[in-house]
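Only one structure is covered here, and it is reproduced in the block below.
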Amino acid sequence: MPGGTGSLNLNGNPTLGFAVHGSIKPLDVANPSSELYRHTLAGQFVLNTANAHSSSYSSYLSQLQNAPPLSGGAGPTTTTQAPLPTSTVNTCPGAPQASYGMTSAQGWRHMPVLGRLSSPRGIAMDTLGHLLVVERNKGVTGHVLDANGCVTSSKTVIQDNGPNHGIDVHPAGNKLFASSSDVAWVWDYDPVAMTATNKRTLVTGMNNNYHFTRTILIPRKYPNLMVLTVGSNDNIDMPSFQMSNGRASIKVFEWNTLPTNGVVFNSTSYGKVMGYGLRNDVGVAEDRAGLVYSIENSLDNAYRVINGQNRDVHINNPAEKVYRLGDPSNPRQLFGGYPYCFTVWEPSDFSDKRFAVGDWFVQNNSGQYNDDWCNTNATKPVALLPPHTAPLDMKFGLGTDSNMYAALHGSWNRQPPSGYKVTYTPGRFSASGEWSPTVDLAGTKGTYVDLFTNSRSEGQCASGCFRPVGIVFNPTGENLYVSSDTSGEVFMLKRNAGPVTNPGSGPTTNPGPTITTPTTTITTPTTTPTQPSGPLQTAYGQCGGQGWTGPTQCASGTCQMHAATGAMYDSNERYPPPMCHPGTREVVFVRIKDWYGFQTRPDKPIMWVHAPAGYGKTAIAGTVSKLLEEVQGLNFSPLGATFHFWRTSPERNSPARFIITIAYQLAMSIPELTLHIENAVKRNPMILRKTLEVQLMKLIVEPFKALGGLDDMPNRLVIVDGLDECINSDQECRVDRHYAEDQEPVQIRILDLIHNLQSHRLPLSFLILSRPEAWIKQHMHSASFKRVVEAVDLYALGDHVKDTETYIRAELSRIAARIKGDGTPDRGDEEWPGENIVQTFVRRTNGHMLYASTVIRHIDNPYGDPRMLLKNLLDGYAYRDLDLAHSSPFSSLNALYMHIMQSCPQSNRTLMIEVLEDFSACRSRFRPEVDVRRALAVLDRLAGRAPGQGFRAIRPLHAVLRLSGTGNPNNSDICLSPFIHSSFSHFLHSSRLSLEFSIDEQKGFRRILNGCLDCMSKMTPQSETDEDHYRFAIRMWPFFFDYMEDFQLPHAEYLEIVNKLLSIDLQACSIKAHLIQRFIGDIVRFVFPPSSAYESGDLNLLVPRSAPHIFESEPLVQQAVTHVVSSLEAGLVYFLDRRKGQLPGP
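All the letters of the sequence shown, read from the start, carry residue numbers -10 to 1135 under this note's numbering.
Set out below in structure tokens:
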């Protein structure tokens, strides 16, 4: 800067530099001299300081220099200064700049305190006033705050990718709670050191495929209780209507009495339902009376059936709503109305009925569950907020503040967008501390106040905004902290008036509950179910119970506590268990029954039933279990044990509890084993922590041998389902994109355990059901397994199309009967569904039962007309629906595909997607009978991959691709189709569904076309063409150009490819193509060349049909067309002359 270091020339034109920093923090926040690694904006400008001089400048400066020192005495008495707030800070030192301009309401000011976080979600305060933040894909971080509320230091409290939202601190300060989409945990917590240790699982089994946020609340009045929320599994989740389903509900648990390994959320033995029919209540808060409230994310894409037509009302309906759930120590099982009842926000959107704000409405008012039913059965909320604003947290004010605060994350499908702010609803506390709004329910529509908003309008937030997630007050109520996951920030809102309560003496009004309340037992609701009289039966009807005369010591205690009870076929976690439709899969059941034999052990004691995803393996396992339990005339239970692996269940996606669970069930089925198993545990309690191989010997093999007489003991069947769902090698649930690397060795380990078990010739047979993953298949076909395994390819066994047709006819008949019963208007005289619809539906499934059942769930919708829904789907509308990624009927199918893709090792995914792109772009070029491996080998060579690399890359996709043989035998296409069902292809092509796994056929087209041209550039009349990739290239290049327009290549790239064509000896290629055509007919579909290759003008296949002017405007294209036509004609003449015997061979 001119004028010397640190000075400014006041009589010239100095150059000033500037740098602007958005949300970028210094590399070392605590160091004032730290550099930034990037400026958001930087530049220079020139300032004429002479023009800034004032004629009175010298006079002002003299007065200032000669002024007397400031006096410490009393100031002027003519004015009165307003009292200053406790803190006058307006910015926090070292804090980042805000990512977006923000505005706070009058009486508040705001400032960022943290930035560059990893998707901060839930936030909490510990008892020392430290701020705790859940950061997705990182864990929980802790932040020390100064007297002004600014962050002075930070540390990682929990390094764990599991926690994704929920967090709370025990009022005593010594426990920290957090949750993932599937598990709730507790840690011992030291607030002084901000450390968390001794992680313990409390609740599991909460995962679903739609809503992933689980909120935790530890009530201050009842600190031994834990309130936990689980959302719905779809936009409309019909099964959640049943309270026992465990979704769209809120439960309360006595967390300090739960078993060591936790319990499943919908356990009937632990926890009580506070509320159900609550679509997705994420925000939960406690008022000063100790009552619990929740705030709901309501329905997307709402409509109202008016005059038989679905009228869209979703822009301004339904309202988001606040429920008063009540006393957590005495849960009352509040029903919130979902999935039938929704709340009116904008009455003018309804033309069939006069509504008021806050009224209940249903989407179809003609059925049993109508508006009147909702008024009778559903509990009204206490306050409303605008539709689609997605409230994710709520808090009540402290001290003199009686407002209810809400963090509105913002809409995803509303136009214009709405939300993206923090609001408060004015309220009051009663003498007991119960909160209510200051107006009636309808009045809350007009009383909520925007507290903290983006400076840009909500309508502009589709392109990016601050999106509030978690909110928490500091102990004095002066500071409100707000997290934003999309911008990675935490803001502090500060009251200008200062604190509203003294945390040392409690709130100034309406004192809340103390935290010294003794342990509270949850009161059971008055309507308790009655128990059957007489002795209770166990799960398998033995070891006690009516008429039992055998041993009375049942398998319980330690083994029961450590068993994965949710893995058993009839467990509550799996309710309702998947079963085959009556009259289907009968060939399979006969095959299994003939092999098993009941009394004696078969020659091959292991049967492996394998099939792609969606072909009903789990339903077969469940049906076989049920059939064995119902067998008459036997004096023993033929079902020995079941274990259903499931990748999203922490106790079922790992082998850790496999042996213990099998041993526990065998003791139930064969009570004589119980004593020997229990003695093994008593002799060495650490056996439950030993390796699975040791457990197998001590808990199964040795107890059996201790019984003796094994040759005379009847044979029991052990069913192991979903082996491919076993993905973890430890006991922690790691269901994320990095789990795949563990799955191969852990699944092989399970197989080796079973092989070891059968080698002891115990009276046990094993039915294993899985997808045909390559590593499982290879292991099953190894020499040691082949001798003892009977493999059954479910895909090739029986008539899947016939089974699917049986199911479809039965379900459509049921739906047709319901339509008549509901009084749905007729759509013509023809009886629905009619044979044509049934046959079209059956053909669409290709024998894929999962697809058929998914469609049935889609059309079996009380809010829509099943006939129109099925017609739209069969006409091809389903995959063009813009909402496929959210409330699609295919959400379960798409979630299955996503699980399969995520099971592929991360290091392999880029190559896998590349191979899928090549295959998808070129599969129509191959004949349908071509072996898939042979086609992949051709594409490998053309794409520059090593031989066999393509097949190895997509090897993990055996569940959805037919990678052995010649593609799909049920498919009527005239080209190679390895996709087991077309829905997987649709999934891959939709980036909204497959996300990072989506494929771009255009990339595959470019790779293979360039590979063909590279091959051809080496071709001469003397070249050998024995290899498939050469034959493919010289035969198929014209067809790639013919279809080039479908792939919309950029103009420059198009010209580059045309120019490459000019350098190739096309006459030699043409001759070779004609000569080998009779040999390559078993690979390529098309006859060489297409007729358009001989056109001499703008009709030639080189010229895009949509841009014929290119032929006239681009000389390069004219040259290429001439080159192609002359070369092909010369090649054809040569070929014909040779056939007449006039020319020797090339």
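Note that the Cβ used here is the ideal one computed from N, Cα and C, for glycine as well.
As the structure is a computational prediction, the values presented were derived from the model and not from experiment.
Residue i lies in the beta strand (DSSP E); which residues open and close that run?
i: residue 843; result: No beta strand (DSSP E) contains residue 843, which is instead part of the alpha helix (DSSP H) from 838 to 848.
i: residue 483; result: 478 to 484
i: residue 123; result: 120 to 124
i: residue 385; result: 380 to 385
i: residue 109; result: 109 to 114
i: residue 584; result: Looking at the DSSP string, residue 584 is not in any beta strand (DSSP E); the run it does join, the alpha helix (DSSP H), is 575 to 585.
i: residue 132; result: 128 to 134
i: residue 312; result: 309 to 315
i: residue 647; result: It is not in any beta strand (DSSP E) - residue 647 instead sits in the alpha helix (DSSP H) that spans 647 to 658.
Assign residue i to buried or exposed, taking buried as 16 or more other Cβ atoms, counted over all protein chains shown, within 10 Å of its Cβ.
i: residue 930; result: buried
i: residue 154; result: buried
i: residue 229; result: buried
i: residue 635; result: buried
i: residue 419; result: exposed
i: residue 746; result: buried
i: residue 668; result: exposed
i: residue 620; result: exposed
i: residue 656; result: buried
i: residue 1020; result: buried
i: residue 516; result: Low per-residue confidence applies at residue 516: pLDDT is 37, beneath 50, and the placement is therefore not dependable, though the value from the model is reported in the following sentence. Exposed is the call here.
i: residue 905; result: buried
i: residue 463; result: buried
i: residue 218; result: buried
i: residue 803; result: exposed
i: residue 146; result: buried
i: residue 933; result: exposed
i: residue 80; result: exposed
i: residue 1040; result: exposed
Look at the alpha carbon of residue i and the alpha carbon of residue j, and state the distance between them as a whole number of angstroms.
i: residue 873; j: residue 553; result: Residue placement at residue 873 is poorly supported in this model, since its pLDDT is 38, which falls under 50; the coordinates still yield a value, given next. Going by the C-alpha atoms only, they are around 35 Å apart.
i: residue 326; j: residue 362; result: 10 Å
i: residue 661; j: residue 751; result: 15 Å
i: residue 921; j: residue 164; result: 57 Å
i: residue 404; j: residue 352; result: 21 Å
i: residue 685; j: residue 121; result: 44 Å
i: residue 699; j: residue 663; result: 16 Å
i: residue 1017; j: residue 927; result: 6 Å
i: residue 396; j: residue 283; result: 13 Å
i: residue 1078; j: residue 989; result: 27 Å
i: residue 977; j: residue 938; result: 21 Å
i: residue 695; j: residue 839; result: 45 Å
i: residue 103; j: residue 130; result: 11 Å
i: residue 753; j: residue 740; result: 15 Å
i: residue 945; j: residue 653; result: 33 Å
i: residue 975; j: residue 807; result: 31 Å
Output the boundary residues of the alpha helix (DSSP H) element that contains residue i.
i: residue 939; result: 938 to 942
i: residue 930; result: 921 to 932
i: residue 431; result: Residue 431 -> no alpha helix (DSSP H), and no H or E assigned at all.
i: residue 1136; result: Residue 1136 is absent from the model: the chain starts at -10 and stops at 1135.
List the whole-angstrom C-beta distance separating residue i from residue j, where the pair is believed to meet the contact cut-off of C-beta under 8 Å.
i: residue 241; j: residue 317; result: 5 Å
i: residue 1089; j: residue 1113; result: 7 Å
i: residue 1141; j: residue 255; result: The structure shown has nothing for residue 1141, since the chain only spans -10 to 1135.
i: residue 710; j: residue 633; result: 5 Å
Determine, for residue i, whether the minimum Cβ-Cβ distance to residues of chain B falls below 9 Å.
i: residue 595; result: Reference to chain B is not applicable here, since this structure consists of a single protein chain.
(message) With a threshold of 8 Å, are at least 3 pairs of Cβ atoms found where one atom belongs to the segment 624 to 634 and the other to the segment 696 to 712?
(response) Yes, the segment 624 to 634 is in contact with the segment 696 to 712.
(request) Take every Cβ of the segment 180 to 197, pair it with every Cβ of the segment 284 to 302, and state whether three or more of those distances are shorter than 8 Å. (result) No: the two stretches stay apart, fewer than three of their Cβ pairs being nearer than 8 Å.
(message) Is it the case that the segment 334 to 342 contacts the segment 269 to 276, given that we only count it when at least three CB pairs across the two stretches are under 8 Å?
(response) For the pair of segments examined, the segment 269 to 276 was found not to touch the segment 334 to 342: the number of CB pairs separated by less than 8 Å stays below three.
(request) Give a yes or no on contact between the segment 86 to 96 and the segment 441 to 453, applying the rule of three or more CB pairs nearer than 8 Å. (result) Three or more Cβ pairs closer than 8 Å define a contact, and the segment 86 to 96 meets that threshold against the segment 441 to 453.
(request) Decide if the segment 560 to 569 is in contact with the segment 596 to 608; the criterion is three or more beta carbon pairs, one per stretch, under 8 Å apart. (result) Touching, yes.
(request) Mind the definition here: the segment 339 to 358 touches the segment 398 to 412 only if three or more C-beta pairs lie below 8 Å; say whether that holds. (result) With a cut-off of 8 Å, the segment 398 to 412 and the segment 339 to 358 do not count as touching, because too few Cβ pairs lie within range.
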